[in-house]
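Participant: First, the structure itself, so that you have it in front of you.
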Amino acid sequence: MTKAPVNKIIPFSTVDGPGSRTSVFLQGCNLACGYCHNPETQRLCNSCGACVSKCPAGALSLRDNCVFWDDAKCVSCDTCIAVCPNRASPKVREMDARQVMAEVEKNIPFIRGVTVSGGECSLYPQFLTEFFTLAKPRGLSCLLDSNGTVSFSAFPELMKLCDGVMLDVKAWSTQTFQSLTGGDNAVVKENLRHLSAIGKLEEVRIVCLDEKVDAEAAIRGIAQTLGSETPGARLVLISFRPFGVKGDFSSLLSPSSQRMRELRELAAAAGFRRIIVK
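Numbering (UniProt numbering), first residue to last: 1 to 278.
Below, the structure written as structure tokens:
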């Protein structure tokens with residue numbers, strides 16, 4: 001079976017889709033968002049070994065030019081991440097779908113489904129297909145949390161198994177998106193149309209930060225793209241929070257409550273009826 005780098009598995013989560021879910025976070029991302037709260041999930045460990053001697057618990061070792069992580073010794077202090085010149089995490093496991101499902105099965109009596117996030121989960125479509133193939137017969141709903149930069153229309157088998165995608169729209173204009181993430185949003189807009197057309201758009205999310213995100217343009221653009229489907233689409237407006245953010249964005253302020261109310265009113269005027277503000 002296909003393997004993917006797993007950053008962590010959260011047994012019970014109530015913030016990654018409806019109900020209690022097991023959330024699987026994959027390592028590696030094709031964007032570099034300025035407001036990312038988990039930049040250590042963006043890059044893969046290159047086994048440089050810089051973290052090994054710095055680990056206060058002795059949970060890391062270098063063998064055959066590879067960094068090994070001992071979960072039993074780890075105290076989750078994240079010193080390894082703080083000292084990594086690649087801003088990566090050595091606490092990543094290469095796992096196939098059966099191995100991940102073995103972890104999920106422990107939680108089945110208490111969960112409604114699974115959500116795969118990242119990093120960017122869509123970088124591993126074959127793994128996702130194999131994992132959801134195992135999850136569906138167990139009565140679990142299957143969701144993806146994605147930045148939308150990989151075309152879902154290229155993976156029809158995965159989309160048949162997937163119950164929905166929680167799609168991040170980082171910005172609407174190409175220039176703003178590039179400035180914020182270092183990437184291009186043409187495929188994001190394509191995915192927005194495609195997921196809506198096939199009934200797999202679980203929700204659309206915008207992180208609101210006036211200095212860096214064209215949230216008003218995004219709200220209008222999403223509504224225009226969805227057309228008659230706008231009233232039924234769930235739109236989540238997320239207030240930027242600097243806590244945990246690294247770099248220049250850490251000094252930026254959250255939008256005011258008044259500003260978030262204004263964006264909610266704009267979304268309602270654009271035709272959205274299912275609006276959540278966080």
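All C-beta atoms, glycine included, are put in the ideal place defined by N, C-alpha and C.
Which whole-angstrom value is the C-beta distance of A59 and D70, which I expect to be below 8 Å?
Facilitator: Taking the sequence shown and counting its residues from 1, the one referred to as residue 59 is at position 59. Taking the sequence shown and counting its residues from 1, the one referred to as residue 70 is at position 70. Indeed, because the Cβ distance is near 5 Å, the residues count as touching under 8 Å.
Participant: Looking at the structure shown, is R98 part of a helix, part of a strand, or coil, going by DSSP?
Facilitator: On the sequence shown, residue 98 is found 98 positions in, with the first residue counted as 1. R98: helix per DSSP, three-state reduction.
Participant: Using a Cβ-Cβ cutoff of less than 8 Å, which residues in the same chain neighbour E120 once the five nearest sequence positions on both sides are dropped?
Facilitator: Position 120 of the sequence shown, counted from the first residue, corresponds to residue 120. Taken in chain order, the residues that qualify are L26, G28, C29, N30, L31, S146, N147, T149, V150.
Participant: Can you list, in chain order, the residues of its chain with a C-beta nearer than 7 Å to that of R138? Leave out the 5 residues immediately preceding and following it.
Facilitator: Here residue 138 refers to the residue found at position 138 when the sequence shown is read from its first residue. Answer for R138: I108, listed in chain order.
Participant: Got a sec? Which residues, its chain only, sit under 7 Å from T133 by beta carbon, not counting five neighbours each side?
Facilitator: Start at 1 with the first residue of the sequence shown, and residue 133 comes out as number 133. L161.
Participant: With DSSP as the reference, please indicate the residues paired to T22 in a beta bridge.
Facilitator: Start at 1 with the first residue of the sequence shown, and residue 22 comes out as number 22. Its beta-bridge partners are V114.
Participant: Cα-Cα, which of A57, P90, C77, A154 is closest to N7?
Facilitator: For the purposes of this step, residue 7 is taken as residue 7 along the sequence shown, with counting starting at 1. Comparing Cα-Cα distances from N7 to each of A57, P90, C77, A154, the minimum goes to P90.
Participant: Closest to S53 by CA distance: which of F177, A233, A72, C80 is it?
Facilitator: The residue given as residue 53 occupies position 53 in the sequence shown. Taking only the C-alpha atoms, the option nearest S53 is C80.
Participant: Looking only at its chain, what residues have a beta carbon closer than 8 Å to the beta carbon of T14, apart from the 5 residues adjacent to it on each side?
Facilitator: Mapped onto the sequence shown, residue 14 falls at position 14. Counting only Cβ-Cβ distances below 8 Å, and skipping sequence neighbours, we find S20, R21.
Participant: On the CB-based measure, 16 or more other CB atoms within 10 Å of its CB, does N65 come out buried or exposed?
Facilitator: As a position in the sequence shown, residue 65 is number 65, starting the count at 1. With fewer than 16 Cβ atoms within 10 Å of its Cβ, N65 is classed as exposed.
Participant: Would you check if the segment 231-248 and the segment 31-44 touch, i.e. whether three or more CB-CB distances between them fall below 8 Å?
Facilitator: Yes, they touch.
Participant: Do you know how far the Cα of R234 is from the Cα of L195?
Facilitator: The residue given as residue 195 occupies position 195 in the sequence shown. The residue given as residue 234 occupies position 234 in the sequence shown. Cα to Cα, the separation comes out at about 13 Å.
Participant: Taking 8 Å as the cut-off, decide whether the C-beta atoms of R205 and L167 are in contact.
Facilitator: Residue mapping note: residue 205 aligns to position 205 of the sequence shown, counting from 1. Residue mapping note: residue 167 aligns to position 167 of the sequence shown, counting from 1. Result yes, Cβ atoms of R205 and L167 sit closer than 8 Å.
Participant: At the level of alpha carbons, what is the spacing between F177 and K106?
Facilitator: Taking the first residue of the sequence shown as 1, we reach residue 177 at position 177. Taking the first residue of the sequence shown as 1, we reach residue 106 at position 106. Roughly 40 Å separates the two Cα atoms.
Participant: Please state if the CB of K200 and the CB of G164 are separated by a distance shorter than 8 Å.
Facilitator: As a first step, residue 164 must be located in the sequence shown, where it is residue number 164. As a first step, residue 200 must be located in the sequence shown, where it is residue number 200. The answer is yes: Cβ separation under 8 Å.
Participant: If contacts are defined as beta-carbon pairs under 8 Å, then F68 and S61 qualify, I think. What distance do you get, rounded to the angstrom?
Facilitator: Looking up residue 68 in the sequence shown gives position 68. Looking up residue 61 in the sequence shown gives position 61. Right, the Cβ-Cβ distance comes to about 5 Å (below 8 Å), so this counts as a contact.
Participant: Give me the Cα-Cα distance between Q188 and V169, rounded to the nearest whole angstrom.
Facilitator: Here residue 188 corresponds to residue number 188 of the sequence shown, with the count starting at 1. Here residue 169 corresponds to residue number 169 of the sequence shown, with the count starting at 1. For the sequence presented, residue 188 should be read as Val rather than Gln. C-alpha separation (whole angstroms): 7 Å.
Participant: Residues in the same chain with beta-carbon distance under 8 Å from K278, minus the five sequence neighbours each way, listed in chain order, please.
Facilitator: In the sequence shown, residue 278 corresponds to position 278, counting from 1. Within the same chain, K278 has close Cβ partners V236, L237, I238, S239.
Participant: For V92, collect the residues of the same chain with a Cβ closer than 7 Å to its Cβ; drop the 5 residues on either side in sequence, then sort them by chain order.
Facilitator: For this step, residue 92 is matched to residue 92 along the sequence shown. These residues qualify, in order along the chain: P5, V6, N7, Q27, C45.
Participant: Assuming F12 contacts F110 (C-beta within less than 8 Å), just tell me the rounded distance between them.
Facilitator: For the purposes of this step, residue 12 is identified with residue 12 of the sequence shown, where counting begins at 1. For the purposes of this step, residue 110 is identified with residue 110 of the sequence shown, where counting begins at 1. Between F110 and F12 the Cβ distance is about 7 Å, and since that is below 8 Å, they are a contact.
Participant: How many whole angstroms separate the CB atoms of I275 and A267, which I take to be in contact at a CB cut-off of 8 Å?
Facilitator: Taking the first residue of the sequence shown as 1, we reach residue 275 at position 275. Taking the first residue of the sequence shown as 1, we reach residue 267 at position 267. Correct: roughly 5 Å between the Cβ atoms.
Participant: Please identify the residue among V100, P125, L180 whose C-alpha is closest to the C-alpha of A135.
Facilitator: As a working note, residue 135 is residue 135 in the sequence shown. Checked all of V100, P125, L180; the closest Cα to A135 is V100.
Participant: Output needed for E190: all residues of its chain with C-beta closer than 7 Å, excluding positions within five of it in sequence on either side, in chain order.
Facilitator: One-based indexing of the sequence shown puts residue 190 at position 190. S151, listed in sequence order.
Participant: On the DSSP bridge list, what partners appear for D163?
Facilitator: Within the sequence shown, residue 163 is the residue found at index 163, counting from 1. D163 is not bridged to any residue.
Participant: Alpha carbon to alpha carbon, how far is L123 from N185?
Facilitator: Translated into the one-based positions of the sequence shown, residue 123 becomes position 123. Translated into the one-based positions of the sequence shown, residue 185 becomes position 185. Going by the C-alpha atoms only, they are around 16 Å apart.
Participant: Could you pull out every residue in the same chain whose Cβ sits closer than 6 Å to the Cβ of I10, ignoring the five residues on either side in sequence?
Facilitator: Along the sequence shown, read from residue 1 onward, the residue named residue 10 stands at position 10. For I10, where only same-chain residues beyond five positions count, the Cβ hits under 6 Å are S23.
Participant: Can you give me the C-alpha to C-alpha distance between L252 and M1, rounded to a whole angstrom?
Facilitator: Working through the sequence shown from its first residue, we reach residue 252 at position 252. Working through the sequence shown from its first residue, we reach residue 1 at position 1. Cα to Cα, L252 sits roughly 44 Å from M1.
Participant: With distances taken between CB atoms, is the gap from A223 to F272 smaller than 8 Å?
Facilitator: Numbered from its first residue, the sequence shown carries residue 223 at position 223. Numbered from its first residue, the sequence shown carries residue 272 at position 272. It is a contact, given that the beta carbons lie within the stated cut-off.
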